[in-house]
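Q: Heads up, the sequence shown is in our numbering, so the first residue is 315 and it goes up one at a time.
Beta carbons: idealized from backbone N, C-alpha and C, even for Gly.
Remember, it's a predicted structure, so these values are computed and weren't measured experimentally.
Okay, handing you the structure first.
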Amino acid sequence: MEHGYFIPKNGTNMEQIRILKKLTYKKRRNCLESQLVPNHSKEQKGYMDSRPQSLNNRNTSSTHWVKKTVKCGPSNIPPMSRLLKAAHRHNVDTLIDMGPKNSTKMWSTRWMFVVILTVYISYKIRECSKPIPVGTSERFKLSLALLIRDVQFQIIDCLDCLGLVPDYRAIRWLRRADVQETAGVQRSDATFDGVPVRVYRPTIGPKPVKAMVFYHGGGWTLGSVDAYDPVTAYFAEEAAMLVISVKYRLVPEHDQGDGLADCVRATKHFLSRCDRYGIGRDKVVIAGDSAGGNIAAAVALRLRDEAFQPMPSLQLLIYPCLQAIDLELPSYQQNADGPFLTKSFMAWFLSFLCCKSKRFAPLFLGHGHVPSDVRAAMAKGVLSHDLLPNENKYPPYRKPDFRRGGSEIWERISQDYLDPYRFPLMAKDHRDLPRTYLVTAQFDILRDDGYLYVRKLKEDGVDVIHYNCPYCWHGIINGLGKFEYSAKIMDTMVIFLKNEL
C-alpha cells in the first residue's frame, strides 16, 4: 500500500495523473481499485462523513457506505481510460499499486525483447538485401524503397510465424491505399453483371470516346482497385479515356479461375453496352500489369474462342506473367533478387496460385514442380532460350540443366500450368487476337516472358508493338509520384493510346 497513489476526482496533481497514464496492462492486472459497497453495519458510519458531499446526501437510514478494496483480475480489468472515467463517474478514488520490483523486472524483459527483435530483423535484412543491378534508374530512391520494404516484410514474417496474421493478409493491409480525389477525374462505383467495378471519367475536355478495361496486378493475391487508383486515374485524365477498373476475386480465398471469370463477365458487359457510355465499339482497350497483364491476355483468348463481338481493338500488356514452367529463363537468372519481384516472391505467388498454400514455394525455386521430361520438351518448343535475343543472355545467365525436375505436385498442377487461360503463352494458336502493345522492364524476372510472347504473336500474324524500358523494374508504374521513370513509362503508353486507338 505504501507504493500506491490516490487520484481524487477533483485533484490537481498532474504528476500523479501522468504516472497513472503510463501504467501498463500488466500493472493494471495487479491494481487495487477502491470502491464503495453497501454495508448494513452501524460501526462503519464514521467513514461516511469523510466522503464527498454528494455521497453524504444519500439516504443512509438503512444502508451505510464503506470503503472496500477489490483486486482486479485479468478478466475484469478495463483499459486505463475506462478505469479513470468509471472512478470519476462514481465519485470514488482509484488506488494503483505501482509495484516497483515487478515494474523493473517487466521493463527489463520488454527491452530485452525489443533488442532481440531489432537484432533479428537487422540480420534478416542484411541477409536478404542484394545489390541493386547496375543500370537501374534513381538508385538512391530505389535503395530506400527496398530497405523500407524489407523491414516491413521481416515484421510481417515474424507475425506470420507467431500465427498472429497470415502474411498475405498483412501485405494486403500494408498495400492498402486511401483514394485521393483528383480534380480532373470523377470516380463512381458500379456493378457489371454482378462484378464490382470502379469507373473513372475525365471531367476536363470533351466527353471521352475511348475506354479502357483495366485489371490490376498483385500476383493474383495482393492487389486491389484502391491500390491502383493512381494508375487508373492517370490513364483516365492524361489519355482522356473512360477507365473501368475491375475488382476481381483473389487467391487463396478463391480460385484463379474465379478471378478470370469476373474479368470476362465485366468485360463482356461493358463491350456489349459501350455505346451507352458514348464509346465507339472500335475504341476499347483491355489492359493490365503483372498478374493483370496475364488476365488481359487470357480475356482476349477467351473472347476470341467464344467468338464474342465486339472484340477489344487493343490489348495493353504491362510486364505480364505468361508462363510458369521455366523459372530459369535468362531474366529469371539475372534478376532473381529483384528489384521488388524476386524469384522467391514469384515462387510464393505461384504456390498460392495453384496450391492455395505457400508451403510448396521451395519446390518452385528448385524446379521441383515440373518433371524433367516436360521441361525438356518445353525447352525445345515455345520456351526455347534460342528464341530470345542474344543481348538478353548476359551474365550470370547460363543454360539450365533440364534434367533437373520433380513430379511431387505435377499431377495436381499440370492442368492449370498448361491451361492457356491461366498462362497464355501455352496457347497453341494466337491468331485473330487484338493488336497488342506489350511493355517489359529490363530488370524484371518476367522480361523474357514478354519477349517470347511477342515472338509467338508475330508468328501467328498478330500486329504487335513491343517496348522494353531499359532502366526500369517490375512494378515501376506503381511508383507514380515517387520515381521519375514511373511517369515516363506511363506517358509512353498514354501517347500510344492517344495516337493508335
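So what's Phe303 in DSSP terms, helix, strand or just coil?
A: Given a span of 315 to 815 for the chain in the structure shown, any question on residue 303 remains unanswerable.
Q: Rounding to the nearest angstrom, what Cα-Cα distance links Lys657 and His780 in this structure?
A: Lys657 and His780: Cα-Cα distance of roughly 24 Å.
Q: If we count the other Cβ atoms within 10 Å of its Cβ and call it buried at 16 or more, is Thr505 buried or exposed?
A: With fewer than 16 other Cβ atoms within 10 Å, it is exposed.
Q: According to DSSP, simplified to helix, strand and coil, what is Cys635?
A: Looking at Cys635 - three-state DSSP - the assignment turns out to be coil, as it is neither helix nor strand.
Q: Expressed to the nearest angstrom, what Euclidean distance is found between the alpha-carbon atoms of Asp730 and Ser538?
A: Their Cα atoms are separated by approximately 24 Å.
Q: State yes or no: is the C-beta of Tyr529 within less than 8 Å of the C-beta of Tyr482?
A: No, they are not a contact pair.
Q: Let me know if Lys672 comes out buried or exposed under the rule of 16 or more other beta-carbons within 10 Å of its beta-carbon.
A: Buried: at least 16 other Cβ atoms inside 10 Å.
Q: Looking at the structure shown, is His681 part of a helix, part of a strand, or coil, going by DSSP?
A: Coil, per DSSP.
Q: Assuming Ser502 is part of the alpha helix (DSSP H), what are its boundary residues?
A: Here Ser502 belongs to no alpha helix (DSSP H); instead the beta strand (DSSP E) covers 499 to 506.
Q: In the DSSP assignment, find the beta strand (DSSP E) that holds Trp787 and state where it starts and stops.
A: That run of the beta strand (DSSP E) goes 778 to 787.
Q: Around the Cβ of Asp758, are there at least 16 other Cβ atoms within 10 angstroms (buried) or fewer (exposed)?
A: Under this definition Asp758 is a buried residue.
Q: Determine whether the beta carbon atoms of Pro626 and Ile600 lie at a separation below 8 Å.
A: In contact: Pro626 and Ile600 (Cβ atoms closer than 8 Å).
Q: Below 7 Å CB to CB, which residues in the same chain sit around Tyr819 once its five sequence neighbours on both sides are set aside?
A: Beyond the ends of the chain as shown, which are 315 and 815, falls residue 819; an answer cannot be given.
Q: Would DSSP call Val753 helix, strand or coil?
A: Here Val753 sits in strand by DSSP.
Q: Give the single residue among Val688, Phe622, Asp589, Tyr591 whose Cα lies nearest to the Cα of Ala638.
A: Nearest option by C-alpha distance: Val688.
Q: Starting from the Cα of Arg712, find the closest Cα among Tyr646, Tyr765, Glu722 and give me that residue.
A: Cα-wise, what sits closest to Arg712 is Tyr646.
Q: Give the single residue among Val527, Gly498, Gly508, Val509 whose Cα lies nearest to the Cα of Pro520.
A: Nearest of Val527, Gly498, Gly508, Val509 to Pro520, Cα basis: Gly498.
Q: For Asp758, which residues does DSSP report across the bridge?
A: Looking at the DSSP assignment, Asp758 forms no beta bridge with any residue, so it has no partner.
Q: Go ahead and pull the three-state DSSP assignment for Gly477.
A: Coil.
Q: At a cut of 8 Å, does the segment 675 to 686 reach the segment 620 to 636 through at least three beta carbon pairs?
A: Contact fails: fewer than three Cβ-Cβ distances are below 8 Å.
Q: Within 10 angstroms of its Cβ, does Met426 collect 16 or more other Cβ (buried), or is it exposed?
A: It counts as exposed.
Q: Can you give me the Cβ contacts of Cys577 inside the same chain, cut-off strictly under 6 Å, excluding the 5 residues immediately before and after it?
A: Same-chain partners within the cutoff: Tyr529, Val560, Tyr562, Ile609, Val613.
Q: Leaving out five residues before and five after Glu357 in sequence, what residues of the same chain have Cβ atoms less than 7 Å from its Cβ?
A: Residue confidence is low: Glu357 scores 42 on pLDDT, short of 50, so the model does not pin down where it sits. No coordinate-derived value is stated.
Q: State whether the segment 688 to 704 contacts the segment 713 to 732, with contact taken as three or more CB pairs (one from each stretch) at a distance under 8 Å.
A: Touching, yes.
Q: Contact between the segment 583 to 590 and the segment 547 to 555 is defined here as three or more beta-carbon pairs at a separation below 8 Å; is this criterion met?
A: Contact fails: fewer than three Cβ-Cβ distances are below 8 Å.
Q: As an exercise, report each continuous beta strand (DSSP E) stretch of at least 3 residues that is fully enclosed by the segment 717 to 741, in chain order.
A: Counting only runs of 3 or more, we get nothing.
Q: Look at the Cβ atom of Arg515, then the Cβ atom of Gln494, and state whether they are nearer than 8 Å.
A: No, the pair does not count as a contact, with Cβ atoms beyond the cut-off.
Q: With 16 other CB atoms within 10 Å as the buried threshold, where does Leu456 fall?
A: The residue is buried, with at least 16 neighbouring Cβ atoms inside 10 Å.
Q: Note down the Cα distance separating Asp543 from Ser422, rounded to an integer number of angstroms.
A: Between Asp543 and Ser422, the C-alpha separation is close to 46 Å.
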